[in-house]
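Residue numbers (our numbering): 271 to 709.
Glycine included, C-beta positions come from ideal geometry on N, C-alpha and C.
Below is one structure; the comments refer to it alone.
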Ligand code: EPU
């Protein structure tokens, strides 16, 4: 695995050390560079499979998920060239000659976004064979909407022994598809398939996350006909041969919201370049109510704690522009230190409270009833040995550790590496006492 990652993503350094040690209680001050969005770059990389021409992505985040997807694409015959200019990591992909089989089960098991290969390979090659995708254990994470949509477009899909085998011998055709829920992944998969399918596809109840708009914008640059960007109805005029493109990946809104919480929790002040309030959706208002002061400037967002301090709020996760489920765990860390009580309802994923037990080890007062957590603010968290259980849980524990008294030691760091680009170094540059060591 390490060898494959090293050839597909030469910048990926297996992190030196399996433990993260954080001495808490230091304010974070300075500029924290916000990377390109993990959840935008993954579908953008897959979009390169739709054309034999070169697709160049700029502002690519250097995280483990990107390295794993690069290895997967390489196994499919996609050629990749990486370059760095002034700190900007760029990836040029060439899918001139690809083969729809040869997908690596180990790699697919590591990431949910690999399911997007289904739509793109079906559209380009008329066939795809894929193990069921893995990813974070945060819920059932079915792919029935993806499969039903592709079937409506003419695909024949068989699920056998943990394998998905999809074929479109006569090519895909346009369809009118109503998603039962605005699923991010299903919207992206169907969009990728529809741009090469013959005729018009309408995706109703589509997800509206900014990462989908970023994908659609890149596809439009490649020559695709897509209207309704940012709305619940996407209309795709398919069948056009796509050209190459050069596209800058949008800023990571989850990293943005997470670092805003970190600034407020440590009573510091962070400049978050390229940050915008609209990227946060209604989370911007929730943060303001909780005492996270966010000021929009030309260069980005400035985040600090409001003079009145942190105070408890109620949040319910929702599809965009509602409160992002990916910000739920970091926000819970924030609210453990807020005056009064908060209620957090998780409506997107069934098992996304696995950070609760770990935050409790640090002294947090949290009670869970079904999909609702009740948080009572405490004066201080204290350092402890904790385990990261998924990408966003990992971020929540880092935030707790930065604000806690004493030392916190985190393990399970693959989860952190999957979603965050050089987090240790960026935090250290803002004054955190943080080191990666061997256990
Ligand atoms: N769902 C189904 N059937 C489907 C598809 C989805 O029942 O065919 C359900 C899911 O089980 C879930 C809900 O619909 O309960 C929403 O899932 P969605 O498809 O929107 O999520 P996803 O595409 O699997 C992406 C992000 C997640 C993020 C969610 C919601 C990527 C690679 N992943 O997942 O990101 O939480 O959208 O915004 O884009 C993360 O970055 O930590 C992460 C988990």
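- Of all alpha-carbon atoms in 627, 464, 416, the one lying nearest the alpha-carbon of residue 508 is that of 464.
- Only exposed fits residue 430, as fewer than 16 other CB atoms lie within 10 angstroms of its CB.
- Nearest C-alpha to residue 664 among 640, 645, 636, 693: 693.
- In the DSSP assignment, residue 626 falls within the unbroken alpha helix (DSSP H) covering 625–631.
- A direct Cα-Cα distance of roughly 20 Å separates residue 344 from residue 459.
- For residue 456, the secondary structure class from DSSP, reduced to helix, strand or coil, is helix.
- A direct Cα-Cα distance of roughly 29 Å separates residue 501 from residue 427.
- In this structure, the straight-line span from the alpha carbon of residue 514 to that of residue 364 is close to 9 Å.
- C-alpha of residue 374 to C-alpha of residue 399: approximately 10 Å in a straight line.
- For residue 536, the three-state secondary structure derived from DSSP is coil.
- In this structure, the beta-carbon distance from residue 561 to residue 534 falls below 8 Å.
- For residue 351, the uninterrupted beta strand (DSSP E) segment begins and ends at 349–355.
- Put simply, of 337, 606, 390, 541 the residue whose alpha carbon is nearest the alpha carbon of residue 525 is 541.
- Counting of Cβ neighbours within 10 angstroms places residue 565 among the exposed residues, the total staying below 16.
- Between residue 348 and residue 392, the gap from beta carbon to beta carbon reaches 8 Å or more.
- Excluding its 5 nearest sequence neighbours in each direction, residue 310 has C-beta neighbours in its own chain below 6 Å: 481, 484, 519, 520, listed in chain order.
- For residue 473, the secondary structure class from DSSP, reduced to helix, strand or coil, is strand.
- CA-CA distance, residue 539 to residue 614, rounds to 26 Å.
- For residue 691, the three-state secondary structure derived from DSSP is coil.
- Going by beta carbons, residue 433 and residue 383 fall outside the 8 Å limit.
- Out of 543, 583, 575, the CA that lies nearest to the CA of residue 553 is found in 583.
- Taking the Cα of residue 486 as reference, the smallest distance to any Cα among 314, 367, 306, 304 is reached at 314.
- Rounded to the nearest angstrom, the gap between the Cα atoms of residue 682 and residue 611 is 30 Å.
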